[in-house]
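Visitor: Numbering (this note's numbering), first residue to last: 25 to 143.
Here a beta-carbon is modelled for each residue, glycine too, at the ideal position from N, C-alpha and C.
Take a look at the following structure, please.
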């Protein structure tokens with residue numbers, strides 16, 4: 025296999041390693057983004073020139089509230105890559121990131137389980 029053949033898939037075309045989409049970055053530019061955080065495109069903003077195609081796809085897919093894991097699944101990209109890309113958009117105020125609500129206290133969950141068992 026020649027050097028150029030390993031970066032070409034007959035059906036999909038050129039293959040770009042995922043780390044190139046983030047320019048080697050592994051940490052989002054803004055805050056840490058939870059897996060189940062909800063991403064939504066900020067309304068009325070025109071994307072700046074120079075965004076990559078993946079950034080533009082994220083903006084398009086997140087016109088309705090979408091969880092980070094769902095964005096990664098739809099793009100078929102590793103979650104770490106999507107975190108960095110969404111972090112770029114969040115830093116530019118092109119998307120809003122809503123953190124999930126905190127998990128209920130364990131004692132509350134145990135009381136619910138006990139209540140269900142009592143039924």
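Mapping the DSSP letters down to three states, classify residue 60 as helix, strand or coil.
Guide: Coil, per DSSP.
Visitor: CA-CA distance, residue 105 and residue 95?
Guide: Cα to Cα, residue 105 sits roughly 11 Å from residue 95.
Visitor: If we count Cβ pairs, one from each stretch, closer than 8 Å, do we get three or more for the stretch 77-86 versus the stretch 110-122?
Guide: At 8 Å Cβ cutoff, the stretches touch.
Visitor: Going by other Cβ atoms of all chains shown within 10 Å of its Cβ, with 16 needed for buried, is residue 92 buried or exposed?
Guide: Answer is buried; the Cβ neighbour count reaches 16.
Visitor: Residue 62 and residue 135 - do their beta-carbons sit closer together than 9 Å?
Guide: Contact: no.
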